[in-house]
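Position 594, counted from 1, in the sequence shown is what the working numbering calls 1757; the numbers after and before it change by one each time, with no gaps.
Glycine included, C-beta positions come from ideal geometry on N, C-alpha and C.
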Amino acid sequence: METQKTFHIGIAMAGAVSAGAYTAGVMDYLLEALENWQKAKDLDLPGVPRHEVVIDVLSGASAGGMTAIITAASIQKEFPHINQRNYFTLSAFENPLFNSWVNLTEEPKSDIMSQMLETGDIISSQDSNPSDEVRSVFNSLFIEKIAHRVIDGSMKDSGINRPYFAPDLELLTTLTNLRGFNYELEFITASGKRYDRMTSHKDLLHFQHNPSGEYRNDGKIPYHFYTSGGLNKNLLIDGAIATGAFPAGLAPRMITRDPKYLNDNRLLKLSGKTGFLVDPNTEYRAVCVDGGVINNEPYDLTELILRNRRAEALHNSGNSSAPASEYQMEQSAAAFDTSVLMIDPFPAEDLPDEIYPGLLALKNTSVQLAGAIQQQLMVKSELLERAYNDNDYTRFMIAPVRSKSGVTQPNSIASGSLGGFGGFFSKRFRVHDYMLGRRNCQRFIRQYFCVPESAENPIISYGYANLKKDHLTQIRQNNSRFFPIIPDIRVADNNTAIHKARMEEEFTYPSINLKYLFNLESKVQQRFYLIANNLDNNKKAGNKVHRPDKGVKNYREKSWINHYIVEPFTGYTTNKMIEIGKNAVCKIAARKFIDTVIADFDKRGLLKNNPACQPINKD
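Put into structure tokens, the structure is as follows:
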């Protein structure tokens, strides 16, 4: 049998809102490690493991989906990796991951939260919003700018070769489709056939790198960056924006697709569905929001794609005659060759309290119901049967762990406040989370993304064969009996030897100035007031503004006194009173909003006037 030389990896990235900075930091370090390992192999240096790692899939939801697409664009060219020694230099703008998640569109006199409170998305936006609709609580035009900047600006550098990415790399983002896909179940009744009809809102955009651009009738949208125009860049942009469209908080996205990308995709069709998912003769248009609403950790889809790819590869090589549907990935340390690597800034580790309160009041049950619906949507029942296999090497996770002087600290992610929106209030938060992602990734690949020597995994046995003890000390952590799947090595400046990568140090937990938060209050009030004034606006055919129907007034009889004297006077007075009341309510709401922000930041030790806080290393 042919010697096994390659581990196949699918990277799944969970939703995280602004804590996508953490995921970006993880990916930055992972790419740096892979680049240096590949360089050492290309130079044929002694002491370098010879096995291969190939990333077959990049997938994600919400911030994770955005990072997956940014990564796919980033790897088309060379860029500097960002660490604690250069994050404040111009190099930070040359790294697409750091620039997209930490710099965002921030400018010296225009920070991100101030941009999110601007009103240009509602008014003064005739091209994109001619009806002055309110589409989200916050102005999210900055996200569109970033998506265009990264994707439109990417073009393949012919001098760049990254063999640790599959040439037919698959790319996937989850979506919540507000239009949905219709299904029906047929019943036989006394009066004839009747149907139970239902709609599924679970959606995705499934891409595959394909330089030829030839569609393969499999629902995978071909893309490439080989020309300035690329292929299907518009759908990559739509996918990045839509999957990150946090419900109500950030604007939704209309996505238009060729129906074949839906009708042919096996990941979209529910079991037993026959015929077409959508009309094959009409472009499919749907408003989509955050993919994390339904599937925030798409490791299930990532595993399914990996399984299909491995089954097809084995079948094509003649090593398997079984149909792809029957293929199961090897799970044991001794035999596995395929794994899902999950990056999750907010892993759901805590189970509900065992003491069930059983509250019956509407104010309690309504909140519980919303949570129950979302949790049920995210249950991956098909994977639960494997949940308690202690020797399953097909799933790994990088999750945030923050330490200070070697002691693990609470509140690892600075951007985790306010449900993940906290990072939009301060670049310092995002810098911290990016550096934490790098540090956590380094620790993970050194200590945990490893295979025990005793397992005698054939890929590891091939890769580490004939390495001397002094070489192994450059790779293994503290002379452990585990072999890293991805060695964390660097090439010496003279290109003649390898050495262990420099340790990523602890990064000072950041803080934010209380005065800055108070100064935001007037901007919040202005934003809330504009939302209140334009909330009824919506676009109809011909871009006409629709306002509440006033025709019902015609059904009430009116005397001429009421019509000409009473109503004009009371109407004017009422409008004035409404205006005053609206101002007052928006002022109170703005104050409550800022108070909530301050309270959450204070609880997490992020306020500058909190003695537990220290300033960030550099501005």
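Helix, strand or coil at V1614 according to DSSP, with G and I counted as helix: Reduced to three states, the DSSP call for V1614 is strand.
Using a threshold of 8 Å, state whether the C-beta atoms of D1284 and A1414 are closer than that. Judged by beta-carbon spacing, A1414 lies within the 8 Å limit of D1284, meaning their Cβ atoms are closer than that value.
According to DSSP, which residues form a beta bridge with K1663? BP columns for K1663 point to I1652.
Would a C-beta distance cut-off of 8 Å place I1286 and A1236 closer than the cut-off? No.
Short Cβ contact (8 Å threshold) for N1574 with G1768: Taking 8 Å as the Cβ cut-off, N1574 and G1768 qualify as a contacting pair.
Measuring alpha carbon to alpha carbon, tell me which residue in G1626, I1743, A1747, A1660 is nearest T1166. Of the listed residues, the one whose Cα sits closest to T1166 is G1626.
Along the chain, where does the beta strand (DSSP E) containing A1175 start, and where does it finish? Segment 1169-1176, the beta strand (DSSP E) holding A1175.
Taking buried to mean at least 16 other C-beta atoms within 10 Å of its own C-beta, is N1380 buried or exposed? The residue in question, N1380, is exposed, as its Cβ has fewer than 16 Cβ neighbours within 10 Å.
Would you decide whether H1387 is buried or exposed? Buried here means 16 or more other CB atoms lie within 10 Å of its CB. H1387 comes out buried.
Exposed or buried, which one is K1272 when buried takes at least 16 other CB atoms within 10 Å? Taking all protein chains in view, the Cβ of K1272 is surrounded by fewer than 16 other Cβ atoms within 10 Å, so the residue is classified as exposed.
By the 10 Å Cβ neighbour count, where 16 or more other Cβ atoms means buried, how is P1650 classified, buried or exposed? Taking every protein chain shown into account, the CB of P1650 has 16 or more other CB atoms within 10 angstroms, so this residue is buried.
Reducing DSSP to helix, strand and coil, say where Y1679 ends up. Taken through DSSP and simplified to helix, strand or coil, Y1679 comes out as helix.
Spatial neighbours of Y1346 within its chain, please: C-beta separation below 8 Å, excluding the five flanking residues on both sides. The answer, listed in chain order, is R1360, M1361, T1362, S1363, L1433, K1436.
Got a sec? Which residues, its chain only, sit under 7 Å from I1608 by beta carbon, not counting five neighbours each side? Once the five neighbours on either side are set aside, the close Cβ partners of I1608 are A1196, P1647, I1649, D1651.
D1765 to Y1672 span [Cα, whole Å]: Here the alpha carbons of Y1672 and D1765 stand approximately 13 Å from one another.
Straight-line CA distance for R1416 to E1270? For R1416 and E1270, the distance between alpha carbons rounds to 26 Å.
In DSSP terms, what Q1371 is bridged to: DSSP lists E1333, P1385 as the beta-bridge partner residues of Q1371.
Among Y1519, L1430, I1638, K1631, which residue has its Cα nearest to the Cα of F1612? Comparing Cα-Cα distances from F1612 to each of Y1519, L1430, I1638, K1631, the minimum goes to I1638.
If distances are taken between C-alpha atoms only, which option among M1229, F1305, P1326 comes closest to K1204? Out of M1229, F1305, P1326, P1326 has the C-alpha closest to the C-alpha of K1204.
Which whole-angstrom value describes the C-beta separation of Y1556 and S1502, a residue pair presumed to lie in contact below a C-beta threshold of 8 Å? Rounded to the nearest angstrom, the Cβ distance from Y1556 to S1502 is 6 Å, consistent with a contact under 8 Å.
Quick one: residues in its chain with C-beta nearer than 7 Å to the C-beta of I1233, no 5 flanking neighbours on either side, listed in chain order? Taken in chain order, the residues that qualify are P1259, L1260, S1263, V1313.
For P1415, write down the residues that DSSP places opposite it in a beta bridge. Answer is none; P1415 lacks a bridge partner.
So which of G1412, P1410, L1440 has the shortest CA-CA distance to Y1424? Per the Cα distances, L1440.
Give me whichever residues DSSP pairs with P1647 in a beta bridge. Note: P1647 sits in a beta bridge opposite C1613.
What residue does the beta strand (DSSP E) around G1223 start on, and which one ends it? If you look at G1223, you'll find it in the beta strand (DSSP E) that goes 1215-1223.
Quick one: complete beta strand (DSSP E) runs, 3+ long, within the region 1549-1574? With a minimum length of 3 residues, the continuous beta strand (DSSP E) runs that stay inside the region 1549-1574 are 1558-1561, 1565-1567, 1570-1572.
In terms of residue numbering, what span does the alpha helix (DSSP H) encompassing T1465 cover? It spans 1462-1480 - the alpha helix (DSSP H) in which T1465 sits, taken as one unbroken run.
Are at least three pairs of beta-carbons, each pair with one atom in the region 1199-1213 and one in the region 1524-1539, less than 8 Å apart? In short, these stretches do not touch, since the Cβ pair count stays below three.
Distance check for Q1239 and D1320, CA to CA, integer angstroms please. Rounded to the nearest angstrom, the two C-alpha atoms are 6 Å apart.
Inspect the CB distances between the region 1449-1457 and the region 1489-1509 and report whether three or more fall short of 8 Å. Contact between the region 1449-1457 and the region 1489-1509 is absent, with fewer than three C-beta pairs closer than 8 Å.
Along the chain, where does the beta strand (DSSP E) containing M1505 start, and where does it finish? M1505: member of the beta strand (DSSP E) spanning 1501-1506, first to last residue.
Terminal residues of the beta strand (DSSP E) in which R1448 lies: Where R1448 is concerned, the enclosing beta strand (DSSP E) stretches over 1447-1453.
Which residue comes first and which comes last in the alpha helix (DSSP H) that contains F1691? Run containing F1691: 1684-1697, per the alpha helix (DSSP H) assignment.
Considering only C-alpha positions, which residue in the set A1175, L1770, A1762, T1169 is nearest to I1468? Among A1175, L1770, A1762, T1169, the Cα nearest to that of I1468 belongs to A1175.
Taking all protein chains shown into account, decide if M1190 is buried (16 or more other Cβ within 10 angstroms of its Cβ) or exposed. Its Cβ being crowded by 16 or more others within 10 Å, M1190 is buried.
Over the uninterrupted alpha helix (DSSP H) stretch that includes K1204, give me the two end residues. Here the alpha helix (DSSP H) through K1204 covers 1183-1205.
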